[in-house]
Amino acid sequence: MITKLAAKSLIDRRGSAILTCIALLISVFVLLGVEHIRKESKNSFSSTISGTDLIVGARSGSLNLLLYSVFRIGSPVNDISWNSYQRIANDRRVEWTIPLSLGDSHRGYRVLGTNESYFQHFSYGKDRLLTFNNGRRFESAFEVVLGAQVAQRLDYSIGQKITLSHGLGDANFANHAELFQIVGILDPTGTPVDQTVHVSLQGIEAIHAGGESNTDELIPKQTTAVLVGLKSKISTFQLQREVNENQTEALTAILPGVALSELWNMMSAFENTLRLISLLVFIAALLGMCSMMAASIRERSNEIHLLRTMGASPWFLFILFEVEAILITLISVAVASGLLLLTLLSANQFLSSNVGLHISPNIFTLNSLAIVLAIFIASIIVAAAPAIQANRNTEF
Amino acid sequence: MNSVSSIIELENVAFNYDRNAVETEFLVNHWSIHKGEQVFIHGASGSGKSTLLNILSGLLSPRSGKVMVLDKRLDKMNRKQRDAFRAKEIGIVFQRFNLIPYLNSEENIRLAKYLSGESSSDLSAEITELLERLRIDEKSRSKPVTELSTGQQQRIAIARALINRPRLLIADEPTSSLDYANRDGFLELLKELTGKEEITLLFVSHDHSLKSHFTRSQDISEIMLDGAST
Chain V
6 MITKLAAKSL IDRRGSAILT CIALLISVFV LLGVEHIRKE SKNSFSSTIS
56 GTDLIVGARS GSLNLLLYSV FRIGSPVNDI SWNSYQRIAN DRRVEWTIPL
106 SLGDSHRGYR VLGTNESYFQ HFSYGKDRLL TFNNGRRFES AFEVVLGAQV
156 AQRLDYSIGQ KITLSHGLGD ANFANHAELF QIVGILDPTG TPVDQTVHVS
206 LQGIEAIHAG GESNTDELIP KQTTAVLVGL KSKISTFQLQ REVNENQTEA
256 LTAILPGVAL SELWNMMSAF ENTLRLISLL VFIAALLGMC SMMAASIRER
306 SNEIHLLRTM GASPWFLFIL FEVEAILITL ISVAVASGLL LLTLLSANQF
356 LSSNVGLHIS PNIFTLNSLA IVLAIFIASI IVAAAPAIQA NRNTEF
Chain P
1029 MNSVSSIIEL ENVAFNYDRN AVETEFLVNH WSIHKGEQVF IHGASGSGKS
1079 TLLNILSGLL SPRSGKVMVL DKRLDKMNRK QRDAFRAKEI GIVFQRFNLI
1129 PYLNSEENIR LAKYLSGESS SDLSAEITEL LERLRIDEKS RSKPVTELST
1179 GQQQRIAIAR ALINRPRLLI ADEPTSSLDY ANRDGFLELL KELTGKEEIT
1229 LLFVSHDHSL KSHFTRSQDI SEIMLDGAST
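Line by line, the protein sequences give chains V and P.
Here the first sequence stands for residues 6 to 401, numbered as in our numbering.
Here the second sequence stands for residues 1029 to 1258, numbered as in our numbering.
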């Protein structure tokens, strides 16, 4: 009965109720959205790579190296010579290496030249290795393995032939283009691997050589970055120092974990600002609801008096006003969650293909549940003021 | 007067709106009403009649004195008890704002039942019977009360006040917003319903001409003067 009364009363004052709802809705949307994206991007970032002890690239900042080698964002400053790669790969402390040759693209997706050790050793998340949804690894220069998203978006399947072009342009045709056959499609990983077109190092050479070239002559002359796995973690810093102090070539070696948290820290100021703003928006919306209710109590003084004479206790009135506030909050949270879900679903493609962020549209996590709970508690507390005010008017 | 058959009995009742006031604003020494009486109280606005009615209905608590309504000492009750007592035992009809505007007629009546805390096995039938006696057609039952005429609204207000079968009905200027033709009909209906159910009726108005409808009539100043002089 009390809920029905509260609902009908809100419907009766739908003009101001809807406005209050919208204000609250926007703030809840922002609050939940910021928290969700913050958490998801952190997850996405830190699960992009695992098991790799060092990333080696041409001399540059560690963030730059991390971004282009792992996230495929930005461009490498320089390549590293094949000799340097060989020296690292043959070091007695090194267990495995994965060469990464970047700089080409296929219809907007980055092409990565690597070797079979990529499929053996590259891991993401909690030490998960890459698995094939269909097909196999590349075995010759003109075979290609697609990331899950590439295959899905471009509607490619095993056996199809595609052209890979030199450079990063989103071109369907190019002068330097070679026909490659799709031999494998990977399972989705939720990392930039999904948006990568994998070819062998020879394949990369073929793209660069252009025209007719003999497969046997396609010996890699350089690579862009190297992921290094060590036999023992103890030698990590030692090898890192050696690479950084290398006299023959200017190289940089970074620890992915350290670089990832550096990247994350860089964003935390921005992230905290966003949180603060969303919190302030929420407080403003709550105060808006409070003032809406306070105003309504003045215009409802007759109704309040009538309820009192009908025998409604002050407690009943208090609950009535609280239920109204809870209903407004409930509608706002429900609509905001729905909107956020829709927004994430539609923005997911854009974010993953343009920013390399993988944001799960599943917003119903324990964290957001806690936020929703806090929102309800806050609105109940804020509504208490006008609810008490309602009773004061009837007391003498 | 015989206190056993008294339905209302006030003795040495003093009240102040301002808790810290020295002078008493409202004072009744002795006043009582018998069971089943239909009493007309005449009083202009500002004469203290609202205070009297609020004390009788337990909305206000006197500073001192004895307030006996339906054999219950209201002055000895706490606020919660008075609220429950009012919901169950007293029906109140005002001049205006008798109904929650965003509920329909039936919902208003159901709300009154709900607030009394009592349940009914067949509330729907009870409402139907009551509305029939008040000559309200079936259509108006589910209409928003704002779409009803003032006369209809006042009759729904009676239904709302009577649904809990109160033993006392307080009517505070209920006819003042009605036109002349509606007024007499409304009064007769009110008397008929309360008479049949042996509900004591306390009718307050500034309009002297209504006095003839009642068996007993008193001026508010007499009630208060009575106290002041003794």
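Note that the Cβ used here is the ideal one computed from N, Cα and C, for glycine as well.
Here the structure is a predicted model, which is why all the values come from computation and not from measurement.
For the segment 296–327 of chain V, list every residue whose C-beta sits within 9 Å of some C-beta in chain P, in sequence order. Asn307, Glu308, His310, Leu311, Leu312, Arg313, Thr314, Met315, Gly316, Ala317, Ser318, Pro319, Trp320, Phe321
Can you tell me whether V:Asn177 is buried or exposed, with buried defined as 16 or more other CB within 10 angstroms of its CB?
Per-residue confidence for V:Asn177 stands at a pLDDT of 47, beneath the threshold of 50, marking its modelled position as unreliable; the derived number appears in the next sentence. With fewer than 16 Cβ atoms within 10 Å of its Cβ, V:Asn177 is classed as exposed.
| message | Would you call the segment 191–209 of chain V in contact with the segment 32–47 of chain V, where contact means no fewer than 3 C-beta pairs closer than 8 Å? | response | By the Cβ test, the segment 191–209 of chain V is not in contact with the segment 32–47 of chain V, since fewer than three Cβ pairs between them sit closer than 8 Å.
Open item on the list: Taking 6 Å as the limit between beta carbons, can you name the residues of its chain near V:Ser337, skipping five residues before and five after?
Closed with: Within the same chain, and ignoring the five residues on either side of V:Ser337 in sequence, the residues whose Cβ sits closer than 6 Å to its Cβ are Cys26, Leu29, Leu30, Val33.
*How long is the line joining the alpha carbons of V:Glu144 and V:Glu45, rounded to whole angstroms?*
36 Å
ask   = According to DSSP, is P:Glu1053 helix, strand or coil?
value = coil
Would P:Ile1120 count as contacting chain V if we go by Cβ distances under 9 Å? yes
Exercise. How would you call V:Phe326, buried or exposed, if buried means at least 16 neighbouring beta carbons within 10 angstroms?
Worked result: buried
* To do: Would you verify that the beta carbon of P:Ser1085 is, or is not, closer than 9 Å to some beta carbon of chain V?
  => yes
### Message
Determine, for V:Asp160, whether the minimum Cβ-Cβ distance to residues of chain P falls below 9 Å.
### Response
no
Ordered along the chain, which non-local residues of its own chain (more than five positions away) have a Cβ less than 6 Å from that of V:Ile402?
Given a span of 6 to 401 for chain V in the structure shown, any question on residue 402 of chain V remains unanswerable.
**Item:** Interface flag, V:Ser14 vs chain P, CB-CB below 9 Å
**Value:** yes
With H, G and I counted as helix, E and B as strand and the rest as coil, what does DSSP make of P:Ile1198? For P:Ile1198, the three-state secondary structure derived from DSSP is strand.
* Asked: Of all the CB atoms in chain V, is at least one closer than 9 Å to the CB of P:Asn1048?
  -> no
Whole angstroms is fine: what's the gap from P:Gly1145's alpha carbon to P:Ile1184's? 20 Å
Checklist line | Length at least 4, wholly inside the segment 143–167 of chain V: the alpha helix (DSSP H) runs in chain order | finding: Taking only runs of at least 4 residues, the alpha helix (DSSP H) segments lying wholly in the segment 143–167 of chain V are 153–158.
Q.
With a threshold of 8 Å, are at least 3 pairs of Cβ atoms found where one atom belongs to the segment 341–357 of chain V and the other to the segment 282–301 of chain V?
A. no
Strictly by DSSP, which residues pair up with P:Phe1068? P:Phe1231, P:Ser1245
Here's a check: name, in chain order, each residue in its chain whose Cβ is nearer than 7 Å to the Cβ of V:Ser122, leaving out the five neighbours to either side. Trp101, Thr102, Ile103
P:Phe1113 in three-state terms, based on DSSP: helix
Review point. Does the count of Cβ pairs from the segment 1169–1182 of chain P and the segment 1195–1210 of chain P closer than 8 Å reach three?
Key: yes
Could you say if the segment 244–255 of chain V and the segment 114–132 of chain V meet the contact criterion of at least three C-beta pairs nearer than 8 Å?
-> no
Checklist line | DSSP bridge partner residues for P:Gly1223 (one or two, in chain order) | finding: In DSSP, P:Gly1223 forms no bridge with anything.
Exercise for review: Note the first and the last residue of the continuous beta strand (DSSP E) segment covering V:Glu100.
Suggested key: 99–111
### Message
Is there a Cβ of chain V sitting closer than 9 Å to that of P:Pro1129, yes or no?
### Response
yes
inquiry  = Excluding the 5 residues flanking V:Gly293 on each side, which residues of the same chain have their C-beta closer than 7 Å to its C-beta?
reply    = Hits under 7 Å: Thr25, Ala28.
Helix, strand or coil: how does DSSP classify P:His1236 here? helix
- Pair every Cβ in the segment 102–121 of chain V with every Cβ in the segment 160–173 of chain V, then say whether three or more of these pairs are closer than 8 Å. yes
Practice prompt. Can you check DSSP and say which residues form a bridge with V:Met294?
Written response: V:Met294 pairs with nothing; no bridge assigned.
Own chain residues within Cβ distance below 8 Å of V:Ala136, not counting five before or after
For clarity, residue 136 of chain V is Thr in the given sequence; the question names Ala instead. Excluding sequence neighbours, V:Thr136 sits near Leu191, Asp192.
Taking the Cβ atom as the reference point for each residue, do V:Thr257 and V:Arg98 lie within a distance shorter than 9 Å?
no
### Query
Which residues in chain V sit within 8 Å of P:Phe1125, going by Cβ to Cβ distance?
Asn307, Glu308, His310, Leu311
*asked:* Rounded to whole angstroms, what is the Cα-Cα separation between V:Val39 and V:Ala274?
replied: 13 Å
In chain order, what are the residue ranges of uninterrupted alpha helix (DSSP H) at least 4 long that sit wholly in the segment 272–317 of chain V? 306–314
Neighbouring residues, chain P, relative to V:Asp17 (Cβ below 8 Å) | Pro1129, Tyr1130
Check your understanding: Under 7 Å Cβ-Cβ, which residues of chain V neighbour P:Lys1108?
Key -> Ser318
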